[in-house]
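Asks: Before anything else, here's the structure in question.
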Amino acid sequence: MISSRIIWVATVLVCGVVNAQTPPVITTGPNGATSAAFWYLGGVTPNCCGSLTDKYWTIWDVDLTTNSPNPTPFIQWFTDSPTKIQITPNGITGARLTALGHSAPGTTFDIHVWVQVDAVSSAQFPVFINTPWIHNQTVPAATTCTSLFGAGWNGWAGRVSNFLEDLTTATITPIDSRETFENDQKKFPNTTWGPPSETTWSSIVWQGNTFSDAYAMCWQGTPAPTPPTVSWNGNGVTAISTDTQKYWIGSFNRFKGKCTERKVVTFYTDHVFQDTFTTPITNDGTNGPCAQGQFANQ
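At position 200 of the sequence shown (counting the first as 1) the number is 193 in this note's numbering, and the numbers step up by one without a gap.
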């Protein structure tokens, strides 16, 4: 007898619905821009300058759309450039970006920020942080002590014009600036000349997109200083002193702002000579060429 068996195989179909969360979105500004560009001014925050309507902002607020049904989501912010940008979260509404450094020369948005909301990542948000970069300067042109200080003043004076370029090679518009002098070394024995005076330039005193720096060794009355200076002559050889000069952009405070140039300045009895220029300043650190106590006139 032949027997047969019928085997029933039961197949269970499990149907499910995956509720995928839409990725969060980072935007900025009233029009919902998807990138940001602002400035690095050597740690100056939140902006420069008080006299400007359109300021050089060194912070930037970004908005967050969480796209999460969770009213209290877990939010984490990230960047690929932690030495150049600081992120300060602001709950579910967004974050504040603060410039700690600057982008590479050019126009590349080479800094990126992104966020995770309950482990779901946003797209990367591109950031460009600009900075004063190249410091251009004319050679000293003769002027007179009387034009600077009035009648009865003797000696020499010279002027240089300065203009700056940013990382994109665009000319920078007026911005608060200053100079510092360090390491005043006397080259003439028993000189009675003191160290040079430092100057600040408000954005409102610029001429167009340049600012003028005057070098002067002027005196009046008797006795004459030692050594006495004479009218401008670029061929003199009697040096009085040398100094390291640095320019700081974005601040009136000494050693604050973005340093754009370091050089040696030698004061002679009849002219000023500038040498050993360094621009751009690529190292803003404590061992960089513009750090206080780092001298060009060693």
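Glycine is no exception: its CB is placed at the ideal position from the N, C-alpha and C atoms.
Residue 147 and residue 212 look like a contact to me (Cβ under 8 Å); what is the Cβ gap, rounded to whole Å?
Replies: Right, their Cβ atoms sit about 6 Å apart.
Asks: Report the three-state DSSP secondary structure of residue 57 (helix, strand or coil).
Replies: Strand at residue 57.
Asks: Does residue 1 come out as helix, strand or coil in the three-state DSSP assignment?
Replies: Its pLDDT being 41, under 50, residue 1 is placed unreliably by the model, and nothing is read from it.
Asks: Which residue marks the beginning of the alpha helix (DSSP H) containing residue 142, and which one marks its end?
Replies: 138 to 142 is the span of the alpha helix (DSSP H), which, as asked, contains residue 142.
Asks: In or out: residue 170 buried (at least 16 other Cβ within 10 Å) or exposed?
Replies: Result: buried.
Asks: Classify residue 115 as helix, strand or coil using the three-state DSSP reduction.
Replies: Reduced to three states, the DSSP call for residue 115 is coil.
Asks: Would you report the Cα separation of residue 228 and residue 22, rounded to the nearest angstrom?
Replies: For residue 228 and residue 22, the distance between alpha carbons rounds to 57 Å.
Asks: For residue 77 and residue 45, I'd like the C-alpha separation in whole angstroms.
Replies: Answer to the nearest angstrom: the Cα atoms are 25 Å apart.
Asks: Is it the case that the stretch 54 to 73 contacts the stretch 150 to 163, given that we only count it when at least three CB pairs across the two stretches are under 8 Å?
Replies: Taking 8 Å as the limit for Cβ pairs, the verdict is that the stretch 54 to 73 does not touch the stretch 150 to 163.
Asks: Quick one, which of 206, 181 and 204 has its alpha-carbon nearest residue 222's?
Replies: It is 181.
Asks: So, are the CB atoms of residue 288 and residue 175 less than 9 Å apart?
Replies: In contact: residue 288 and residue 175 (Cβ atoms closer than 9 Å).
Asks: Taking 6 Å as the limit between beta carbons, can you name the residues of its chain near residue 55, skipping five residues before and five after?
Replies: Correct list, in chain order: 19, 21, 87 and 88.
Asks: State yes or no: is the C-beta of residue 67 within less than 9 Å of the C-beta of residue 112?
Replies: Taking 9 Å as the Cβ cut-off, residue 67 and residue 112 qualify as a contacting pair.
Asks: Whole-angstrom Cβ separation of residue 177 and residue 188, contact assumed at under 8 Å?
Replies: Indeed they touch by this definition, with Cβ atoms about 4 Å apart.
Asks: For the beta strand (DSSP E) that contains residue 209, what are its first and last residues?
Replies: Segment 204 to 212, the beta strand (DSSP E) holding residue 209.
Asks: Whole angstroms is fine: what's the gap from residue 240's alpha carbon to residue 198's?
Replies: One C-alpha to the other measures close to 16 Å.
Asks: Under the rule that 16 or more other beta-carbon atoms within 10 Å means buried, what is residue 354, buried or exposed?
Replies: Absent from the model: residue 354. The displayed extent of the chain is -6 to 291, so no value can be given.
Asks: Identify, in the order they occur along the chain, each residue of the same chain with its Cβ nearer than 8 Å to the Cβ of residue 7, setting aside the five sequence neighbours on each side.
Replies: Only weak support exists for where residue 7 lies, its pLDDT of 42 falling under 50; the value from the coordinates is given anyway. Correct list: empty, nothing qualifies.
Asks: Please report how far the alpha carbon of residue 92 lies from the alpha carbon of residue 278, in whole angstroms.
Replies: So the two alpha carbons sit approximately 15 Å from each other.
Asks: Going by Cα to Cα distance, which pick from 202, 47 and 109 is closest to residue 17?
Replies: Nearest C-alpha to residue 17: 109.
Asks: Excluding the five sequence neighbours on either side, which residues of its own chain have a C-beta within less than 7 Å of the C-beta of residue 80, listed in chain order?
Replies: 70, 72, 88, 90 and 106.
Asks: Figure out for me which residue from 48, 25, 237 and 135 has the closest Cα to the Cα of residue 31.
Replies: Closest option to residue 31, Cα to Cα, is 48.
Asks: Please determine, among 85, 75 and 115, the residue with the shortest C-alpha to C-alpha distance to residue 96.
Replies: Comparing Cα positions, the closest option is 75.
Asks: Specify, as a first and last residue, the run of the beta strand (DSSP E) that residue 95 falls within.
Replies: From DSSP, residue 95 is part of no beta strand (DSSP E); its letter is neither H nor E.
Asks: What distance in whole Å lies between the Cβ atoms of residue 204 and residue 155, which are believed to be in contact at a cut-off of 8 Å?
Replies: Right, their Cβ atoms sit about 5 Å apart.
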